[in-house]
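Take a look at the structure below.
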Amino acid sequence: MEFDWSGIIPNLPYILKGMKITLQITVVAVIFGIIWGTVLAVMRLSSIKIISWLAKAYVNTFRTIPLVMVLLWFYLLVPQILSNIFHLPASTDIRLISAIVAFSLFEAAYYSEIMRAGIQSISKGQLNAALALGMTKIQGMYLVVLPQAFRIMAPLLLTQGIILFQDTTLVYVLSLFDFFYQSVEIVGKRDGTYVEMILFAACVYFIICFAASSLVNYIKSRIA
Amino acid sequence: MHIAWNWGIFFQPAPFGDTTYLGWLWSGFLMTIFLSISAGVIAFIVGSFFGILRTLPNRFFSIIGTAYVEIFRNIPLIIHLFVWVYVIPEILPESMKEWLFDLEPSFFIFLMATIALGLFTGARICEQLRTAIQSLPAGQKNAGIALGLTLRQIYLYILLPNAYRRVLPPLTSEMLNMVKNSAVASTIGIVELSKQASQLLEHASTPYESFIAVTIGYIIINICVMKTMQYIEKRTRLPGSLGGK
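Protein chains in written order, with UniProt numbering: chain Y, 1 to 224; chain B, 1 to 245.
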């Protein structure tokens, strides 16, 4: 069959608009995921049973459910919660917000496992030294242990970010106009270049992710 | 937030399909299991093949293996599914295309989803097997060479039996991931567990009950996978190793 690539350049504004949404979700979810994931990891290692059990239950629940289900769950839940708090009109488009919330909470479970491994790899003497210097446990965690754990786990955190970037394509189930949906379902379907746009999206993802993972490997070799 | 629970909904007749809502969930549950098992078989075979290829002392083979892994690791699963369903049939030769389009449409999609999910998971299994083979002490391979075994014999009798035992724990989590990833196949029209959830959402208007039921379905599958893998791990442990007979 003949490929028709001419549709890509004139449609760049649409495609870039989709890319903006993809990046928006990725960046916000990475930041919130790492923060909330770190909190979860610290909770998980807490000596208070109930706190560590709660964190464990949270992480394990999110890790057994497919991301598609989580997205659907939040698409259902977030509007109800938001309209309960802010009294939003029912017509407000909450797909982007609910996707961002879902991704942040979902990825936090994975980030928390990475951070937990990072914290556990720090030697006990570090925290004991901090305690001996008169710091509280939280100060010792915050000022001594966590900065080192972040440094050790930086490559893994970044790799998880790349996975998250790929996973954002699943907002397809909410018909949210991210890069993939915009290029394939909107531009591709309208112009009859469905096949070309699928291949185009595949190439774009490949280039971005391949470059990013090469960069992560470079950082890894610098740290080690 | 007040929820009026209505668990009886599952026993009410569904709008189509001549069954109850529970029957819908059950058929989605079975579809998830079928898809996972068939994709798992492909993933295991393809992953093993490329994993071994990447460790062979031949530059050409290892480049092919690397290309396969990079392509499947750097492109999201949903795009692979779309490629197999919409792109591959277009670029196949006429005769194969006809054969594909003569298939039952639902079987055609199932076949393509199985291949895509299988190859996608295979890339991950390939990496795990390669790491496992490379992590074996060099003495094992050298001992094989010293005994006069051919490369094929060394892999078959020494390296692979050890490597597969090492790969079992990461393989378990990869199988769990694959079950979860099978939910992505709902985007190309496979009516599996998560698709049934959104269908129930549309027709039954009892979102919480249906989503909880589906979530439990996934947990059941996860537990079964974990128990099976634990059993295999236990049965294949080497005598003399820690935890062996």
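Just so it is clear, CB atoms sit at the ideal spot from N, CA and C, and this is done for glycine as well. Given the structure is predicted, the values throughout are model-derived calculations rather than measurements.
In this structure, the beta-carbon distance from V191(B) to G23(B) does not fall below 8 Å. Secondary-structure assignment with DSSP links P13(B) through a beta bridge to T20(B). Proximity to E113(Y) across V144(Y), K220(Y), N60(Y), A102(Y) peaks at N60(Y), based on C-alpha coordinates. By the Cβ-count criterion, V83(B) is buried, with 16 or more other Cβ atoms from all chains shown falling within 10 Å of its own Cβ.
Three or more beta-carbon pairs separated by less than 8 Å are not found between the region 66-84 of chain Y and the region 129-137 of chain Y, which leaves the two stretches without contact.
At a cut-off of 8 Å between C-beta atoms, T131(B) does not count as an interface residue with respect to chain Y. Relative to I188(B), the option among G240(B), A113(B), V41(B) whose CA is nearest is A113(B). In this chain, the alpha helix (DSSP H) harbouring Y218(B) covers 207-236. For V85(B), there is no enclosing alpha helix (DSSP H), as DSSP gives it neither H nor E. Burial is judged here by how many other beta carbons sit within 10 angstroms of a residue's own beta carbon; I45(B) has fewer than 16 and is exposed. Going by beta carbons, I154(B) and A43(B) fall outside the 8 Å limit.
Shown in chain order are the members of the region 54-69 of chain Y whose Cβ falls below 8 Å from a Cβ of chain B: T64, I65, P66, L67, V68, M69. The CB of Y172(Y) comes closer than 8 Å to the CB of I78, T187 in chain B, given here in chain order.
DSSP places M69(Y) in the uninterrupted alpha helix (DSSP H) bounded by 67-86. Between L168(B) and I232(B), the CB-CB gap stays under 8 Å. Distance from the CA atom of F177(Y) to the CA atom of F106(Y), rounded to whole angstroms, is 20 Å.
Y14(Y): member of the alpha helix (DSSP H) spanning 12-44, first to last residue.
If you ignore the 5 residues before and after L77(B), its C-beta comes within less than 7 Å of the C-beta of F120, N181, V184, all in its own chain and listed in chain order.
Under the Cβ criterion of 8 Å, N222(B) is counted among the residues facing chain Y. Taking the C-beta atoms as reference points, Y142(Y) is found no nearer than 8 Å to G37(Y). Of the residues assessed, E174(B) falls on the buried side of the cut-off, its CB having 16 or more other CB atoms within 10 angstroms. The Cβ of T169(Y) sits closer than 8 Å to at least one Cβ of chain B. Interface flag for V69(B) against chain Y is unset, since no Cβ pair is found closer than 8 Å.
When the Cα atoms are used, T236(B) and P13(B) turn out to be separated by approximately 47 Å. Scanning its chain for C-beta atoms nearer than 7 Å, with the 5 sequence neighbours on each side dropped, one finds around I94(Y) the residues V78, P79, L82, in chain order.
Counting along the chain, the unbroken alpha helix (DSSP H) around D102(B) starts and ends at 94-102.
Taking C-beta atoms as the reference points, A123(B) and R73(B) count as a pair closer than 8 Å. The C-beta of A99(Y) comes no closer than 8 Å to any C-beta of chain B.
Contact of V195(Y) with chain B by beta-carbon distance below 7 Å involves Y86, V87, E90.
Scanning V216(Y), V187(Y), R222(Y) for the CA closest to the CA of D4(Y) turns up V187(Y). With respect to chain Y, the C-beta atom of I219(B) has a partner C-beta closer than 8 Å. The alpha carbon of N162(B) has as its nearest neighbour, out of A138(B), I9(B), T20(B), T172(B), the alpha carbon of A138(B). In this structure, the beta-carbon distance from I79(B) to Y205(Y) falls below 8 Å. In this model, V85(B) and L136(B) are separated by some 40 Å (Cα to Cα). Counting C-beta atoms within 10 angstroms of its own C-beta, S205(B) has fewer than 16 neighbours from the protein chains shown and is therefore classed as exposed. At a cut-off of 8 Å between beta carbons, S27(B) makes no contact with chain Y.
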